[in-house]
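Colleague: My questions all concern the structure below.
Protein chains in written order, with the working numbering: chain H, 115 to 460; chain C, -6 to 174.
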């Protein structure tokens, strides 16, 4: 009992540490990738290849003057960054980042919480992520912040629908809500040659989920709420230093979690099809599986950055029209077609 | 452990629910209602209704309450003016009546056979196949209420759109003639 407790605590510490470390280095990756795309150098002064830049940025945020403007609603102003960061970090608890790790004589399952409603937990936490933005915009007591925050919030709830409905196809194929079983179901071979990854059995669902995840994290071509502060003011205009940093950490944490969820649901999780034999449970193979998961998640993070610096952004009405008039019917059609196909196969 | 969790969730749920009506600021009231829904979701988990608790958070706390907040924030709904309601002098009487009703309900529930007091649930079959059971029941035995509920929601949706739709204003006659003058 007590060893179970310690095991969970260690898993939480490792996962949280890895998540926050990746979030910090995503700031550097964003600048380096954007520089590469724009044919220039990124930050390269602070440490080799700019590798200490996130440390410098973190120190800068910690030492900046923390201003709380007098006209804000103090309680909610201080609550909003926490309200957005907490769901962003919590979502990672159900993602399986490896198979099992045989250490100290026990098989440690590399997933913090194996909930039997895993997919619903992720959807629930993405719904809760809207509160931080709406409350941050409102608490700033500023018309522009309020409207910016409400626009961002309505964008997020519009794309939550498409996100949730596009996963239902995966759910029908897997027959379970547990993320472990979703990954396990993708390990069989399709026609003996290709792994049964859900991107091949549910291509439309994968595409819808990926684009909806971009919109949900306020990233890439759907970042009108963010750019608004370049134009006028956004929902975090009145925030300074660490509270502002928390809003951005939450955005990057959402990106990392969305990439991890995309990999788990559609791209086989920690599974490497032809190189790892079935039921390989030695320590080396387990570490390799963690590495495979990390590499796949890293690839999707790169796709996030790549798309951001390639595509122009959507206007707000185009964005809402896309979410309600295109994605919602398409995801419903996906459910119907998947259900019919499964019923035909008996 | 489960009993302690039950008491924590129950106390926080009751306190937040009471604060919903006691806060002067409507945004604080909405946020306490969200806290109440969270605690209810926790109570559902203790009763092995995992699917229901997740759906409670997704639908209630995650969508409906956000729309409530939108309305409160956009319309800047009232503070002091709305609090001075017309009840006024007889407020103590209504409080007593409501407390009486509440105590009667609690007494009624506590004497039922299916109430075994707070404690961990041991229904392992339900724990294992929660969503599957709900799906089976919903599409076989309770299919008709399920379809009726979806029709009701569609009616509400259509009704809202009809109510909000503005009539098209007709163009005045003779517009062409006046433009060419």
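Yeah, the Cβ is synthetic: ideal placement off N, Cα and C, and Gly gets one too. Remember, predicted model here, so these are calculated numbers, not experimental data.
Tell me, please, whether the CB atom of residue 55 of chain C is closer than 7 Å to any CB atom in chain H?
Modeller: Closer than 7 Å: yes.
Colleague: What number of angstroms, rounded off, separates the C-alpha of residue 270 of chain H from the C-alpha of residue 411 of chain H?
Modeller: Looking at the two C-alpha atoms, the distance is approximately 22 Å.
Colleague: Run through DSSP, which three-state label would residue 162 of chain H get?
Modeller: If DSSP states are grouped into helix, strand and coil, residue 162 of chain H belongs with the helices.
Colleague: For a contact defined as C-beta to C-beta under 8 Å, what are the partners of residue 430 of chain H on chain C?
Modeller: Chain C residues near residue 430 of chain H: none, gap ~16 Å exceeds 8 Å.
Colleague: Label residue 17 of chain C either buried or exposed according to how many other C-beta atoms from any shown protein chain fall within 10 Å of its C-beta, with 16 as the threshold for buried.
Modeller: Residue 17 of chain C is exposed by the Cβ-count criterion.
Colleague: By the DSSP assignment, the beta strand (DSSP E) with residue 220 of chain H in it spans what residues?
Modeller: Unbroken beta strand (DSSP E) run through residue 220 of chain H: 220 to 223.
Colleague: Using 7 Å as the limit for Cβ to Cβ distance, is residue -3 of chain C near chain H?
Modeller: Residue -3 of chain C does not count as touching chain H.
Colleague: Quick one: which chain C residues come within Cβ less than 7 Å of residue 238 of chain H?
Modeller: Ordered by position in chain C, the residues that pass the 7 Å Cβ test against residue 238 of chain H are 47, 50, 51, 55.
Colleague: Any beta carbon from chain C within less than 7 Å of residue 296 of chain H's own beta carbon?
Modeller: Output row for residue 296 of chain H: interface = no.
Colleague: Going by other Cβ atoms of all chains shown within 10 Å of its Cβ, with 16 needed for buried, is residue 149 of chain C buried or exposed?
Modeller: With fewer than 16 other Cβ atoms within 10 Å, it is exposed.
Colleague: Please check if any C-beta of chain H sits within less than 7 Å of the C-beta of residue 171 of chain C.
Modeller: Below a pLDDT of 50, predicted positions are generally treated as unreliable, and residue 171 of chain C, at 45, falls in that range; no measurement from the model is reported.
Colleague: Rounded to whole angstroms, what's the CA-CA distance from residue 332 of chain H to residue 368 of chain H? Just pull it up for me.
Modeller: Roughly 9 Å separates the two Cα atoms.
Colleague: When DSSP labels each residue in this structure, what does residue 215 of chain H get in the three-state scheme?
Modeller: Residue 215 of chain H falls in the strand class under three-state DSSP.
Colleague: Given this structure, state the Cα-to-Cα distance separating residue 316 of chain H from residue 127 of chain C, to the nearest angstrom.
Modeller: Their backbone Cα atoms lie some 25 Å apart in a straight line.
Colleague: Alpha carbon to alpha carbon, how far is residue 205 of chain H from residue 123 of chain H? Give it in angstroms, no decimals.
Modeller: Between residue 123 of chain H and residue 205 of chain H, the C-alpha separation is close to 16 Å.
Colleague: Give the list of continuous beta strand (DSSP E) stretches no shorter than 3 residues that lie fully inside the stretch 257 to 320 of chain H.
Modeller: You should have found no qualifying run.
Colleague: Counting contacts by CB-CB distance shorter than 7 Å, is residue -6 of chain C in contact with chain H?
Modeller: Not closer than 7 Å to any Cβ of chain H, the Cβ of residue -6 of chain C fails to qualify, so no.
Colleague: Answer yes or no: do residue 39 of chain C and residue 3 of chain C have a C-beta to C-beta separation smaller than 7 Å?
Modeller: No. Outside cutoff.
Colleague: In angstroms with no decimal places, state the Cα-to-Cα distance between residue 126 of chain H and residue 226 of chain H.
Modeller: One C-alpha to the other measures close to 7 Å.
Colleague: Once DSSP output is grouped into helix, strand and coil, what is the label at residue 16 of chain C?
Modeller: The answer is coil: DSSP assigns residue 16 of chain C none of H, G, I, E or B.
Colleague: Just how far apart, CA to CA, sit residue 101 of chain C and residue 91 of chain C?
Modeller: Approximately 15 Å between the Cα atoms of the pair.
Colleague: So, with DSSP's three-state summary, where would you put residue 172 of chain C?
Modeller: Any answer about residue 172 of chain C is weak, because its pLDDT of 45 lies below 50 and its placement is not dependable; what the coordinates show is given next. Reduced to three states, the DSSP call for residue 172 of chain C is helix.
Colleague: Should the stretch 297 to 314 of chain H be called in touch with the stretch 248 to 256 of chain H, which here means at least 3 C-beta pairs below 8 Å?
Modeller: With the cut-off at 8 Å, the stretch 297 to 314 of chain H and the stretch 248 to 256 of chain H do not touch.
Colleague: Helix, strand or coil: how does DSSP classify residue 133 of chain C here?
Modeller: In the structure shown, residue 133 of chain C sits in coil (DSSP, three-state: anything other than H, G, I, E or B).
Colleague: Rounded to a whole number of angstroms, what is the C-alpha to C-alpha distance between residue 452 of chain H and residue 284 of chain H?
Modeller: Computed Cα separation, rounded: 9 Å.
Colleague: Tell me where the alpha helix (DSSP H) around residue 170 of chain H begins and ends.
Modeller: Counting along the chain, the alpha helix (DSSP H) containing residue 170 of chain H begins and ends at 167 to 177.
Colleague: Roughly how many whole angstroms lie between the Cα atoms of residue 171 of chain C and residue 156 of chain C?
Modeller: Residue placement at residue 171 of chain C cannot be trusted, given a pLDDT of 45 that sits under 50; what the coordinates show is reported in the next sentence. The straight-line gap from Cα to Cα measures roughly 35 Å.
Colleague: When Cβ atoms are compared, which residues of the stretch -2 to 23 of chain C fall closer than 9 Å to chain H?
Modeller: Taking 9 Å as the Cβ-Cβ cut-off against chain H, the residues of the stretch -2 to 23 of chain C that qualify are 18, 20, 21.
Colleague: Beta carbon of residue 231 of chain H, beta carbon of residue 47 of chain C: below 7 Å?
Modeller: Result yes, Cβ atoms of residue 231 of chain H and residue 47 of chain C sit closer than 7 Å.
Colleague: May I have the straight-line CA-CA distance separating residue 330 of chain H from residue 373 of chain H, to the nearest angstrom?
Modeller: Approximately 12 Å between the Cα atoms of the pair.
Colleague: Residues of chain H with CB under 7 Å from residue 62 of chain C, in chain order?
Modeller: In chain order: 248.
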